[in-house]
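Below: one structure, written as structure tokens.
In the working numbering, the protein residues as written are 2 to 835.
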């Protein structure tokens with residue numbers, strides 16, 4: 002019985018469905034009939050190809066509907082496209098389906114998040130580079146775009162409409178993009194056609210002793226770039242002092258470069274994408290930096306995928322995140338924080354001891370003890386990218402850097418214990434804005450503006466005399482630059498203007514006895530520049546010539562600076578390069594007393610007064626030859642540089658002339674040699690630098706003598722193994738010792754002062770350091786990957802001398818004191834990418 006009822010139910014349902022379909026089929030009519038009724042009712046005309054509507058039937062539309070509702074009904078039934086030409090005319094066409102795969106023309110890898118847009122619709126490629134889009138007409142213009150690649154604009158009819166074909170996109174090359182020498186030292190370090198050495202940290206492998214992409218440590222692997230005191234805040238390029246380097250972070254001039262008061266870079270390696278190092282022949286748009294320029298850059302492309310990095314090493318924890326904001330904008334945030342507030346590792350202790358070595362923070366005067374020594378650092382950087390159109394690009398940058406050190410001083414006075422706290426803080430806050438407009442395929446303009454404030458302050462508490470001394474050094478700088486670029490065939494031309502306002506404040510405030518001195522200086526500078534760059538079609542000859550004119554309003558002074566760079570290829574394997582430049586700068590760092598700012602960061606920025614602190618002006622020329630073949634690279638370069646306007650206070654004297662205040666100059670000439678061999682996954686290199694650097698101070702007893710930065714011979718030997726998952730590197734650094742002065746034998750003291758022999762006629766012991774590091778990369782799952790690494794700095798634990806100084810003791814004899822570099826120091830890191 003139950004089965005009979007089921008059969009009856011199924012039969013009724015089937016009959017009803019069949020009847021309904023039959024009725025619907027009977028109600029359908031040719032679409033041409035419906036269109037004719039609509040034309041009469043609304044007094045309009047439909048234009049279409051006669052064959053387009055053959056065999057198309059539709060259900061009649063309700064007569065009381067509006068015109069737009071009737072057309073919408075027909076579109077839903079037929080998938081035809083009705084396009085309104087005017088109030089009286091509509092065209093009818095068949096929708097076109099286009100599909101395809103988009104790949105990078107060079108790597109042939111699928112490109113995700115590529116946008117394909119037409120007048121009425123859009124699509125986005127998936128992770129396989131695949132897309133589908135429905136279009137109205139073969140005459141529609143389709144636009145395919147992705148940041149960093151050339152935009153494709155083409156009518157639909159010129160695509161393959163039958164199959165899902167592959168479409169390739171070419172990388173949008175900038176004028177500075179071509180590389181002359183790839184893997185100049187290790188993978189990721191290249192020589193570019195714009196005469197710079199470029200470090201790309203996306204491709205960077207590893208250097209000995211490093212597990213971080215520390216820009217200011219990395220560049221010291223290049224010939225003629227080193228630090229005589231082993232700090233990143235005191236980098237010496239071709240014999241120049243640290244304040245003679247122009248440090249730029251995304252176009253913002255930076256006056257603070259180090260954490261741990263100079264031991265590690267203050268620029269977050271997770272944010273910094275590339276770095277360009279310029280020794281000579283600077284672009285005419287650049288000012289300052291009479292010894293060299295280090296320009297650090299973040300990523301230039303909007304990233305439409307959310308991703309991040311979390312890491313921790315023995316010094317700090319770090320975080321990076323990329324946050325897409327729609328398809329045209331993205332926000333990147335990076336931050337680091339030291340571990341001192343949580344726990345101290347042996348690495349942290351080694352760095353802390355190195356920073357406070359032989360300073361008031363480590364050893365105080367008799368009857369005074371130090372306690373609660375706290376040190377921490379942090380940095381935060383932000384970059385917002387926005388590309389509203391193919392012709393406009395906006396970048397906004399923010400950077401915050403901070404170092405804090407404090408300790409308690411305790412003494413027993415009149416039977417009572419008294420405690421006062423001393424501290425030192427160093428911080429920077431910078432904001433930058435960059436806007437680029439591409440007016441045409443040949444002409445573009447860029448506006449770059451920034452404001453940066455650097456502050457160094459220290460509170461020195463003398464617990465015995467109950468005295469407080471406050472010291473401050475503040476630099477506030479605002480700058481705006483307009484740079485126009487015109488490219489035509491083999492030529493490119495730059496024309497621009499820059500305005501800079503720099504304010505420097507120095508404060509000394511003592512409470513007992515009351516003493517206050519505050520010096521404030523402001524300098525306005527205008528700069529105009531022009532430049533031409535030519536490359537022939539074979540790209541075996543190129544030259545760039547430019548001139549920059551600077552006007553300093555305060556001194557009514559005009560400074561003209563020509564720049565020149567030339568490159569010529571001889572055959573396939575040899576290149577000759579010549580460069581020259583004039584440069585100037587208006588700020589320098591000076592040391593008044595070695596115990597300023599607790600003796601930890603005693604250098605303070607000072608603005609030129611065009612008298613006792615002159616304007617620094619340099620002239621430089623270099624000539625080099627490069628050979629490359631079969632994995633071999635040999636690069637030899639000679640140079641000559643002269644810099645006028647230096648002062649004894651800016652040259653870090655710790656022995657003779659420590660308290661002198663005279664102005665002078667230095668002349669440096671030298672030779673740079675690099676030999677690199679690539680074989681398989683190995684890169685090995687040997688670099689050598691020779692330098693002769695001589696001071697001239699007319700007002701001193703010793704008029705000419707070796708510079709404090711005269712490192713006559715410097716060698717680096719290293720090798721790196723690199724594949725997809727493992728990087729291993731080891732190397733040796735050797736250099737002759739720093740010049741130093743010693744007391745005159747047999748007559749060490751005169752008038753209660755140390756009596757020195759001829760200035761810098763002795764040298765410290767030679768410097769030798771052996772380093773090694775390794776990083777292993779592995780995949781956790783499809784969403785996460787990780788890397789772990791370890792490094793050993795100064796494997797032999799050699800005691801390298803940094804400098805000497807002398808003091809007269811209570812017995813009226815001279816004591817010698819020495820400062821040393823880091824001993825054996827280990828570090829380890831773990832990072833997770835998501």
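Glycine included, each C-beta is placed from N, C-alpha and C at the ideal position.
*Which value, in whole angstroms, describes the spacing of the CA atoms of residue 591 and residue 236?*
When rounded, the distance between both Cα atoms is 15 Å.
*If you drop the 5 nearest sequence neighbours on each side, which residues of the same chain put their C-beta closer than 8 Å to that of residue 189?*
Only residues of its own chain outside the window of five on either side were considered, and among them 200, 201, 202, 203, 204, 205, 206 have a CB closer than 8 Å to the CB of residue 189, listed in chain order.
*Sequence-distant residues of the same chain with beta carbon closer than 7 Å to residue 705, five excluded per side*: Counting only Cβ-Cβ distances below 7 Å, and skipping sequence neighbours, we find 695, 696, 697.
*Can you name the residues that DSSP bridges to residue 647?*
Residue 647 is bridged to 665.
*Span separating the alpha-carbon of residue 444 from that of residue 769*: C-alpha separation (whole angstroms): 52 Å.
*asked:* For residue 324, list the residues DSSP reports as bridge partners.
replied: Its beta-bridge partners are 332.
*With distances taken between CB atoms, is the gap from residue 791 to residue 829 smaller than 8 Å?*
For residue 791 and residue 829, yes; Cβs fall inside 8 Å.
*Excluding five sequence neighbours on each side, which residues of the same chain lie with their C-beta closer than 7 Å to the C-beta of residue 268?*
So the list reads 216, 250, 297, once near-sequence residues are dropped.
*Since residue 732 sits in a beta bridge, which residues does DSSP pair it with?*
Note: residue 732 is bridge-paired with 719, 772 in the DSSP secondary-structure output.
*What's the C-alpha gap between residue 603 and residue 289?*
Using only the alpha carbons, I get a separation of about 22 Å.
*For residue 231, which of 834, 832, 823, 827 has the nearest alpha-carbon?*
Taking each of 834, 832, 823, 827 in turn and checking the Cα distance to residue 231, the smallest one comes out for 823.
_Can you look up residue 161 in the DSSP assignment and give me helix, strand or coil?_
In the structure shown, the three-state DSSP call for residue 161 is coil.
*Spatial distance of residue 810 from residue 738 (CA atoms)*: Rounded to whole angstroms, residue 810 to residue 738 spans 27 Å at the Cα level.
_Contact check, residue 307 vs residue 326, beta carbons under 8 Å_ = Contact: no.
_CA-to-CA distance, residue 574 to residue 161, given in whole angstroms_ = Each residue's alpha carbon lies about 43 Å from the other.
*If we call anything under 8 Å between Cβ atoms a contact, is residue 626 one with residue 648?*
Not a contact, by the Cβ cut-off of 8 Å.
*Do the CB positions of residue 411 and residue 466 come within less than 8 Å of each other?*
If you check the CB distance, residue 411 and residue 466 do not come in under 8 Å.
_Three-state class that DSSP yields for residue 740 in the structure shown_ = In the displayed model, residue 740 falls within a strand according to three-state DSSP.
_Residue(s) in a DSSP beta bridge with residue 196_ = In the DSSP secondary-structure assignment, residue 196 is not bridged to any residue.
*Helix, strand or coil for residue 71, going by three-state DSSP, please let me know.*
The answer is helix: DSSP assigns residue 71 an H, G or I state.
*For residue 350, name the three-state secondary structure that DSSP assigns.*
In this structure, residue 350 counts as helix in the three-state DSSP scheme.
*Host beta strand (DSSP E) of residue 787 (start-end)*: Start and end: 786-794.
*Mapping DSSP to helix, strand and coil, what is residue 216?*
Here residue 216 sits in helix by DSSP.
*State the Cα-Cα distance for the pair residue 25 and residue 73, rounded to the nearest angstrom.*
For residue 25, the predicted structure reports a pLDDT of 42, less than 50, and the residue's modelled location is therefore unreliable. A value from the coordinates is still provided. Answer to the nearest angstrom: the Cα atoms are 20 Å apart.
*Given that a residue counts as buried once 16 or more other Cβ atoms are within 10 Å of its Cβ, and exposed if not, what is residue 752?*
So residue 752 counts as exposed.
*Kindly list the residues whose CB is nearer than 6 Å to the CB of residue 220, restricted to its own chain and excluding five residues on each side of it in sequence; keep chain order.*
Closer than 6 Å at the Cβ level, and outside the excluded window around residue 220, lie 226, 278.
*Could you check the C-alpha separation between residue 114 and residue 125 for me, to the nearest Å?*
So the two alpha carbons sit approximately 5 Å from each other.
*Can you tell me the Cβ-Cβ gap for residue 423 and residue 461, rounded? I've got them flagged as a contact below 8 Å.*
The Cβ separation is near 5 Å, so the contact holds.
_residue 717 beta carbon less than 8 Å from that of residue 692_ = Not closer than 8 Å, so no.
_Three-state secondary structure assigned by DSSP to residue 244_ = Residue state, collapsed to three classes: helix.
*On the premise that residue 601 lies in contact with residue 356, defined as a C-beta separation below 8 Å, what is that separation, rounded to the nearest angstrom?*
Confirmed, about 6 Å.
*With respect to the alpha helix (DSSP H) encompassing residue 522, which residues constitute its N-terminal and C-terminal limits?*
Element bounds for residue 522: not the alpha helix (DSSP H) but the beta strand (DSSP E), 516-536.
*CA-to-CA distance, residue 76 to residue 192, given in whole angstroms*: Distance between the alpha carbons of residue 192 and residue 76 is about 59 Å.
_Limits of the unbroken alpha helix (DSSP H) element including residue 36_ = Counting along the chain, residue 36 sits inside the alpha helix (DSSP H) bounded by residues 32-43.
*Grab me the residues of residue 352's own chain with a C-beta within less than 6 Å of its C-beta, minus the 5 sequence neighbours each way, in chain order.*
In chain order, 261, 264 place their CB closer than 6 Å to the CB of residue 352, counting only its own chain and leaving out the 5 sequence neighbours on each side.
*For residue 636, which of helix, strand or coil comes out of DSSP?*
Looking at residue 636 - three-state DSSP - the assignment turns out to be strand.
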